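Student: Numbering (my numbering), first residue to last: 154 to 229. Glycine included, each C-beta is placed from N, C-alpha and C at the ideal position. Only a predicted model underlies this, so the values are computations on that prediction, with no experimental measurement involved.
Right, dumping it as structure tokens:
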């Protein structure tokens with residue numbers, strides 16, 4: 154298996170992971186500001202999670218393998 158290496162944005166502060174709920178809101182701002190490739194990278198990362206873990210994780214680290222996020226991928 155390959156490790157996903159897609160660009161993404163983190164909420165900031167103490168959070169250094171890709172979170173589903175935050176990523177949806179961030180992607181809206183990225184698209185408005187012409188950063189479509191970065192928003193696309195975040196979507197590709199979520200697709201990788203679905204293909205490898207069967208769901209979008211709460212955040213992108215092993216600690217969250219048993220947790221998920223609300224289903225925002227289709228809106229992204």
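Please state the DSSP three-state secondary structure of residue 187.
Tutor: The residue you call residue 187 lines up with position 34 of the chain shown. Correct three-state label for residue 187: coil.
Student: Can you name, in chain order, every residue of its own chain whose Cβ lies under 7 Å from the Cβ of residue 209, other than the five neighbours on each side?
Tutor: For the purposes of this step, residue 209 is identified with residue 56 of the chain shown, where counting begins at 1. Excluding sequence neighbours, residue 209 sits near 173, 199, 202, 203, 221, 222, 226.
Student: Taking the alpha-carbon positions, what's the residue 187 to residue 207 distance?
Tutor: The residue labelled residue 187 in the question sits at position 34 within the chain shown. The residue labelled residue 207 in the question sits at position 54 within the chain shown. Rounded to the nearest angstrom, the two C-alpha atoms are 31 Å apart.
Student: Find out if the Cβ-Cβ distance for the pair residue 191, residue 160 is shorter than 7 Å.
Tutor: In the chain shown, counting from the first residue as 1, residue 191 sits at position 38. In the chain shown, counting from the first residue as 1, residue 160 sits at position 7. It is a contact, given that the beta carbons lie within the stated cut-off.
Student: Quick one: using the 10 Å Cβ neighbour count with 16 as the cut-off for buried, is residue 175 buried or exposed?
Tutor: Position 22 of the chain shown, counting from 1, holds the residue named residue 175. Residue 175 comes out buried.
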